[in-house]
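Residue numbers (our numbering), protein chains in the order written: chain A, 14 to 309; chain B, 2 to 293.
Backbone N, C-alpha and C define an ideal beta-carbon position, used for all residues, glycine too.
Notes follow once the structure below has been shown.
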């Protein structure tokens with residue numbers, strides 16, 4: 014009786030060990046692991062080849078989404094946004110569960126934003142916020158939304174997105190830097206921007222005034238001096254009866270400098286606005302990074 | 002009896018375990034077998050269209066196989082060509098030697114000619130294409146002759162292009178290139194020195210020669226007006242006339258600028274028209290190499 018029992022225990026042990034072997038990494042996943050190791054050692058090009066090899070030899074494998082996901086990550090590192098986005102999108106279609114789908118979505122958002130496709134990125138963010146069941150994914154997507162809006166200098170919308178993000182934080186200690194971010198965002202949204210039209214009109218009435226309005230004193234003096242001298246010379250020529258000479262000077266020299274002055278006034282106002290917005294964006298992002306939970 | 006049975010069961014299970022483990026060890030090595038590498042390379046080439054990666058897989062296949070097959074060399078060359086590495090492609094294709102039993106030779110020669118064309122070595126491309134068109138039939142003959150015609154057109158050998166075309170007339174539509182020939186023949190050939198000389202004689206006339214009528218008229222008016230003002234100034238106050246010197250300087254600058262502008266205008270006009278013609282021919286030529 015005991016001997017029989019012993020015999021069955023041995024058989025059971027062997028069965029368990031065999032099933033363990035079967036569950037251990039198969040040849041398929043060895044290939045996938047190798048690809049991921051290459052990716053981990055930053056050999057992205059070689060990793061893509063191995064991921065593709067896996068896709069080719071095991072197109073029906075349930076793990077094939079991992080290969081697409083890996084390809085997306087590698088192309089992102091290689092800054093080939095279009096290919097990265099395509100691979101992420103395929104990986105999302107194949108992902109077996111909601112958690113993985115959420116992770117890929119976040120990487121896709123990252124690639125879309127890095128690749129400068131803000132509108133699509135924002136659309137994907139909204140999709141994650143609305144549809145994802147994972148609180149972490151929703152929180153990350155909210156943060157991405159805030160970053161995307163900051164990078165587009167949409168300060169009020171960014172402030173709104175930041176408040177929504179803060180509301181999703183579990184730990185109040187993560188919110189310790191939020192007043193600083195709030196204050197910079199408020200400053201940014203209330204900061205007066207230069208009016209490009211006004212700059213043009215200023216320079217139309219008084220050459221150099223538009224440049225002065227944009228804070229560029231050197232260009233303002235230059236534009237004023239040059240236009241005043243040419244204008245005076247043309248006027249003087251006409252005043253002493255040199256109408257033809259005046260017309261020639263006016264049409265060939267004066268008009269050229271005068272229009273250049275108006276064009277530069279507009280360009281300087283645009284540049285100044287952009288610089289101001291960029292300075293705010295840098296400050297906001299620097300402060301907001303401190304509100305990210307440590308694991309993120 | 003019972004012990005014997007359990008021992009045999011034990012033996013069976015152990016052996017199956019080892020077999021399983023061994024299979025696993027060797028499974029992933031199968032990816033490195035030449036046949037699997039080749040099939041992966043073919044997939045990359047035909048389905049995934051990832052040509053640089055396909056080229057490296059074909060190369061790996063050659064290395065593991067230890068022999069150089071013309072079919073694989075041909076594919077590597079096509080991968081290089083599709084990646085835009087025309088010189089490398091041409092070098093590889095020229096290594097495929099002619100012999101009676103080599104089915105890859107004619108195709109390789111066509112693609113060699115095509116690669117040479119795309120790397121702007123038009124004369125070599127035209128000669129190669131003409132040579133193969135005389136030694137082959139059907140599709141390869143037609144496309145080789147077409148490539149030769151394009152080579153003649155891009156090097157502006159109009160009558161040669163017509164000559165090759167007449168020999169092609171029995172193969173498909175002979176008039177496919179007539180629009181290109183017409184465009185090539187009507188390319189503007191404005192001589193920069195003529196434009197300069199005309200502008201030196203009558204300011205603005207060089208611009209009229211290069212079809213920039215408006216510019217020509219403005220230049221004429223400004224030079225004439227400022228010269229008249231300079232003359233007027235000198236007549237009234239002699240050589241001490243500020244007005245005379247001012248407008249004289251202005252007129253001289255305008256006059257010299259007008260000559261330089263006319264020369265540049267002629268050059269630009271020729272270059273723009275030629276660029277459009279070359280782009281059209283190259284686009285047509287690129288399409289010829291779509292098929293293997």
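- Across the structure, residue 52(A) and residue 42(A) are spaced so that their CA atoms are roughly 15 Å apart.
- In the structure shown, residue 263(A) falls within a helical segment according to DSSP collapsed to helix, strand and coil.
- The DSSP-derived three-state label of residue 64(B) is helix.
- Across the region 61-90 of chain A, CB contacts with chain B closer than 8 Å involve 61, 62, 65, 66, 69, 70, in sequence order along the chain.
- DSSP, read as helix, strand or coil, puts residue 208(A) in coil.
- Taking 8 Å as the cut-off, the Cβ atoms of residue 62(B) and residue 78(B) do not count as close.
- Approximately 21 Å separates the beta-carbon atoms of residue 121(B) and residue 134(B); this is outside 8 Å, ruling out the contact.
- Taking 8 Å as the CB threshold, residue 257(A) lines the interface with chain B.
- Restricting attention to alpha helix (DSSP H) runs no shorter than 4 residues, the region 170-216 of chain B encloses them at 179-186, 193-202, 206-210, ordered along the chain.
- Interface annotation for the region 204-238 of chain B against chain A: 223, 226, 227, 230, criterion Cβ-Cβ distance under 7 Å.
- If you draw a straight line from the Cα of residue 143(B) to the Cα of residue 289(B), it comes to about 10 Å.
- For residue 281(A) against residue 212(A), the beta-carbon gap comes to about 7 Å, under 8 Å, which counts as contact.
- The closest CA to that of residue 183(A), considering only 208(A), 199(A), 167(A), 151(A), is found on 151(A).
- At least 8 Å separates the CB of residue 243(A) from every CB of chain B.
- In the structure shown, residue 83(B) falls within a helical segment according to DSSP collapsed to helix, strand and coil.
- Close to residue 44(B), with beta-carbon spacing below 7 Å, are these residues of chain A in chain order: 69.
- The distance from the Cβ of residue 282(B) to that of residue 151(B) is about 5 Å, consistent with a contact at the 8 Å cut-off.
- Taking 8 Å as the cut-off, the Cβ atoms of residue 46(B) and residue 76(B) count as close.
- Interface with chain B (8 Å Cβ-Cβ cutoff): residue 44(A) is included.
- Closest in C-alpha terms to residue 181(A), from the list 149(A), 157(A), 160(A), comes 149(A).
- By the 16-neighbour rule on beta-carbons within 10 angstroms, residue 257(B) is exposed.
- Only residues of its own chain outside the window of five on either side were considered, and among them none has a CB closer than 7 Å to the CB of residue 276(A).
- Scanning its chain for C-beta atoms nearer than 8 Å, with the 5 sequence neighbours on each side dropped, one finds around residue 51(B) the residues 45, in chain order.
- With 16 or more neighbouring CB atoms inside 10 Å of its own CB, residue 294(A) falls in the buried class.
- In this structure, 111(B) is the residue among 111(B), 205(B), 153(B) with its C-alpha nearest to the C-alpha of residue 291(B).
- A contact is defined here as three or more CB-CB pairs under 8 Å, and the region 161-180 of chain A fails this definition with respect to the region 231-242 of chain A.
- Excluding five sequence positions before and after residue 87(A), the CB atoms of its chain that fall closer than 7 Å to its own CB belong to 52, 57, 60, 61, given in chain order.
- Taking 8 Å as the CB threshold, residue 248(B) lines the interface with chain A.
- Residues are counted here when their Cβ sits less than 8 Å from a Cβ of chain A; for the region 55-66 of chain B these are 57, 58, given in chain order.
- Going by DSSP, residue 31(B) is part of no alpha helix (DSSP H) at all; its letter is neither H nor E.
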